[in-house]
Structure formats: structure tokens, C-alpha cells
Amino acid sequence: MKIKALVGAALLAATTFSPAAFAEEVTLRAVSAFNLGTTFSREFEAFVDWINENGKGVVQIQVVGGPEAVPPFELGNAVQSGVVDLANNTTAFYPNLVPTGDAIHLAENTVQEQRANGCYDLVDRIHQEQMNVKFLARAGDGMGFHLYLTKPIEGPDLTGLTIRTTPVYQAMFSALGANLVRTAPGEVYSALERGAIDGYGWPAQGVLDLGWDEQTKYRVDPSFYNVDVNLLVNLDVWNGLTDEQRAKLEEGAAWMEELNIKNAEINAAEYAKQADAGIETITLSGADAEKWLETAQTEGWAAVEAVDAALAGELKACLTK
Ligand code: 173
């Protein structure tokens, strides 16, 4: 018995994560796919502060870093394997692991509605089964995506334009005729500066954070979809926590998801700042706007259906009205 216990303790000491049975307070190591201090780490950092304030003696979070710590497109693998315990990441950065993840930003209902109608449980189950992570919480809800350009367009025709993309915009922009280049956010500024791209897909918020306004002339309205930036916890780590630790993290998750309500107001403030920075708005209207939004939804769902028709059907049933 004694030897077994000693070997067990030695093995545990060799891992970065100390299970709850041996430590009253556990510290999770977290990495963000987005630069710390910028828009898409905002809710994550608020969540970390909330946990570190309200979880004393139970659970704490240590932020290891942002994209400089783990490259954004590698972060999914890092949290899957347990190299990091908790990740702030968007489905567009881990399509290799959860190929139907694109469905989440096609949602027409809120995160709170998805919790109530069972959709959150479905999304969580898919993440657990396919990626070995607990889908703890979602930020970004209530904020759409836009196309930003260095040259004007007349209507919803992107023929001849080279646009920086992620899986979010891929189906829509390619159906509208664009050439696409997939890059992490960190490469957008220099691609614009070099003239390698004529524009990029990006959410309503965060352009100024990254200094991209210097290289951006136009934003195309209306916005489409709903941003998803998710807190993911390695499933082995999650399962090793006590009920109290899990409950504290879930309490923090619900608190963080309430912050999504502020997005409408923040979007409006961000549009005003973009205008002040000289970004002009190209507003598609009438049939052009209809084509823009219709293409977004139809092509977006077609891409998810092509991955897994049955799962796409289940997701669509609880994500759309
Ligand atoms: O454009 C992107 O890099 C992207 O897909 C995304 C998704 C969520 C938040 C910010 C960017």
C-alpha cells in the first residue's frame, strides 16, 4: 500500500495539474488564442479575474499568455492533449478537431436560449467526444462579422478580390467569388501593408485594437453571423476536479455569458470609432443585402451539412428560430 501511494504521488508530482484529492485549491493554466488586453480576450480575462476573486481556496486560473505562448491554430491541440488546462479559443481556429463547429456562429438565438433548449448540451457533447474538452462558456454572442476592404465594392460580388479568411467566412466569400487566403490574426496587418490581400473578414469589434484601421478603407454592412469565442477545459482535467471546483467554474461561466448582453452597445461604439478612424461604411441594401445575408446562411449551413448531415440537422434545429 505504502509503495503504491508513493509511486502514485511521484506520478502526480510529475504532472502540472494536481488533482483535487491532493490539493484543496487547484490552479488551471490558461492560454488565449487572442492577444491579451485585446477585444477577444476581454471576457476571458474578466472570467479569470472573477474566478481568482471568487474561487479563493477552491480554484484559481493562471494566464500563461496569448498567441505568443501557443500559436492560435495550435491551441485546440494544446487543450485537447492537456498541454494547457483551459483555452480561450474560437471554433474557426480548430476546425480540424470539431469540423461542425462552424454551426455555432450560424446561431440565431442567444447563448442563454441555447442553454435553455438543450443546444448547449449538444455543443458540449460534440466538444467532449471530438476534442476531449469541456465547452465551459461562450463569449462573442451578439456581435456579427463583417468584410473589411481596401477598395470599394458595388454589390455582393467579390470576384477578383483576394480576401483573408478563416473557416467563418470561407463558404460565403468563396460563393461570392473571392480568392481566399487563410491566416491567423497576427498576419493580417502585414498582408494588408504588402497589398497581398484586398480585405479581410473580422468581427464588428477589435479592428482598432490591432491597428488595422490604418490599412482599412471600408467596412461592408450588414454584419452576418454571431461571434463565438469559447472557454474550453481539457476533459481529463475537468473530470479530475471536485464538484465544488466545477460548480465555481460554471458559476463564473454563467457570469461571463451575461457580459454578452453588452455587445450591442459596444458594437455601436466601435462603429463610431471606426468612422472616426476614417473607415467608410458600404451599406448593401434591398436585394443586395438580401443576397449577402442569404448567401451567408445558405452557404454556411451547406458547409456544415457537407461535414456531417445528421449532426448539422440536430444543430440547426436548436440554433435557428
Ligand atoms: O477572423 C477570424 O480570425 C475569426 O474567425 C474570428 C473569430 C472569432 C473572433 C475573432 C475572430
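So the sequence shown is residues -23 to -1, 1 to 298, counted in mature numbering (1 follows the signal peptide of the UniProt record, and there is no 0). From the three backbone atoms N, C-alpha and C, an ideal C-beta is built for every residue, glycine too.
- Judged by DSSP in its simplified three-state form, Ala148 adopts helix.
- Ala64 is bridged by DSSP to Val8, Leu209.
- Gly178 has its CB nearer than 8 Å to a heavy atom of the ligand 173.
- Rounded to the nearest whole angstrom, the C-alpha separation of Asp213 and Ala264 is 50 Å.
- Note on Pro162: 16 or more other CB atoms within 10 angstroms of its CB, so buried under the neighbour-count rule.
- DSSP places His123 inside the beta strand (DSSP E), whose first and last residues are 122 to 126.
- For Asp134, the secondary structure class from DSSP, reduced to helix, strand or coil, is coil.
- With fewer than 16 other beta carbons inside 10 angstroms of its own, Gly137 counts as exposed.
- Contact between the stretch 235 to 253 and the stretch 133 to 147 is absent: fewer than 3 CB-CB pairs across the two stretches fall below 8 Å.
- Residue range 52 to 58 is occupied by the alpha helix (DSSP H) that includes Val56.
- Straight-line measurement puts the Cα of Phe112 at about 25 Å from the Cα of Asn244.
- Judged by the Cβ position, Thr67 qualifies as a neighbour of the ligand 173 at the 8 Å threshold, a heavy atom of the ligand being closer than this.
- Scanning the stretch 219 to 297 for uninterrupted alpha helix (DSSP H) segments of 4 residues or longer gives 220 to 235, 240 to 253, 263 to 284, 286 to 296, listed from N- to C-terminal end.
- Just measuring C-alpha positions, the residue of Ser9, Gly217, Ala181, Glu1 sitting nearest Gln251 is Ala181.
- The alpha-carbon of Ile130 is positioned some 11 Å away from that of Thr258.
- Counting only residues of its own chain and dropping the five nearest sequence neighbours on each side, Gln222 has a CB closer than 7 Å to the CB of Ala(-4), Val3, Val35, Val36.
- Rounded to the nearest angstrom, the Cβ distance from Asn31 to Gly183 is 27 Å, too far for a contact under 8 Å.
- Inter-residue distance for Glu291 and Asn94 is about 12 Å (C-alpha atoms, whole angstroms).
- Checking the 8 Å criterion, the Cβ of Thr143 is within range of a heavy atom belonging to the ligand 173.
- In the three-state reduction of the DSSP assignment, Tyr177 falls in the strand class.
- Per DSSP, Ser200 is one residue of the beta strand (DSSP E) stretching across 195 to 201.
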